[in-house]
Amino acid sequence: MTSPLAQFLALHGADQATIDQALSLAEPLELPTRHVLINQGELASQAFFLIDGLCHTCYITGDGKSISKDFFWEQDLLIGFESLLTDEGSPYLLETLSPCLIQTLPAELILGWRQDMPGLYMALVERQLLFREQKEQFMRLYSPARRYALFTDSVGELATHITAPQLASFLNLSLSQLDSLQRHLAVSGK
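This note's numbering puts the first residue of the sequence shown at 5, with every later residue one more than the last.
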């Protein structure tokens with residue numbers, strides 16, 4: 005049986021030698037809820053392939069407020085490209101929101117793909133860019149109710165691990181707006 009990481013890499017253009025190298029360097033982790041993978045300001049030394057579970061990135065403001073950036077779930081490769089490319093600390097915190105099964109990959113491996121496997125590297129960068137474009141469309145083109153419905157449908161039962169403040173921040177709503185929206189949807193049966 006092919007591992008999820010091997011399938012993911014093959015799907016994005018990796019040859020067998022690259023897949024074998026990645027699998028030999030991958031370290032499995034079973035992590036609890038609220039485990040910090042990268043602290044804001046910390047240099048990203050690893051990428052994370054999420055086999056099972058839910059992760060979250062957020063910005064922590066000077067006054068300690070958390071602003072949700074993104075959520076990630078099964079079969080996603082979490083690469084802090086900004087930190088990786090600038091060799092500076094991560095602009096956000098990355099943490100688990102549920103128990104997670106993860107495989108880590110050294111950041112040097114990902115950077116090496118830029119030179120040795122440019123097709124794979126470009127596919128991963130393009131994937132990240134496409135994700136950003138789709139998120140911008142999601143935020144700009146849909147009403148708050150539609151964003152809420154689309155997001156909770158896509159996350160499924162993992163949504164139970166997301167707090168109201170995290171969800172409100174991600175959807176660019178206040179807590180009271182999110183509460184009103186949830187009450188309205190509950191009353192209307194949607």
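Don't be surprised by glycine CBs; every beta carbon is placed ideally from N, CA and C.
Provide the residue(s) that pair with Leu-54 in DSSP beta bridges, ordered along the chain. Asp-80 and Ile-106
Mark Glu-99 as exposed unless 16 or more other C-beta atoms lie within 10 angstroms of its C-beta, in which case mark it buried. buried
Give me the DSSP bridge partner(s) of Glu-31. Thr-108
Compare the beta carbon distance of Gln-44 and Ile-64 with 8 Å and say whether it is the shorter of the two. yes
State the CB to CB distance for the pair Ala-111 and Ser-49, rounded to an integer number of angstroms; the pair is presumed to be in contact (CB under 8 Å). 5 Å
On the DSSP letters alone, give me the boundaries of the beta strand (DSSP E) that Glu-99 sits inside. 97-100
If you count every other CB in all the chains shown that lies within 10 Å of the CB of Thr-22, and 16 or more means buried, which is it? buried
Say whether the stretch 143-161 touches the stretch 87-107, bearing in mind that this needs 3 or more beta-carbon pairs closer than 8 Å, one atom from each stretch. no
Reference His-16; option with closest CA among Pro-36, His-60 and Asp-80: Asp-80
Tell me which residue opens and which closes the beta strand (DSSP E) that Leu-41 is part of. 40-42
Return the CA-CA distance between Ser-184 and Ser-173, expressed in angstroms with no decimal places. 15 Å
Straight-line Cα distance separating Phe-76 from Leu-82: 8 Å
Cα-Cα, which of Ser-178, Glu-92, Thr-108 and Pro-148 is closest to Gln-25? Thr-108
Reducing DSSP to helix, strand and coil, say where His-16 ends up. coil
Looking at Ala-30: is its Cβ nearer than 8 Å to the Cβ of Leu-9? yes
So which of Thr-90, Tyr-125 and Pro-36 has the shortest CA-CA distance to His-165? Pro-36
In three-state DSSP terms, what is Ser-87? helix
Member of Cys-104, Asp-120, Gly-93 and Leu-101 whose CA lies at the smallest distance from the CA of Asp-19: Asp-120
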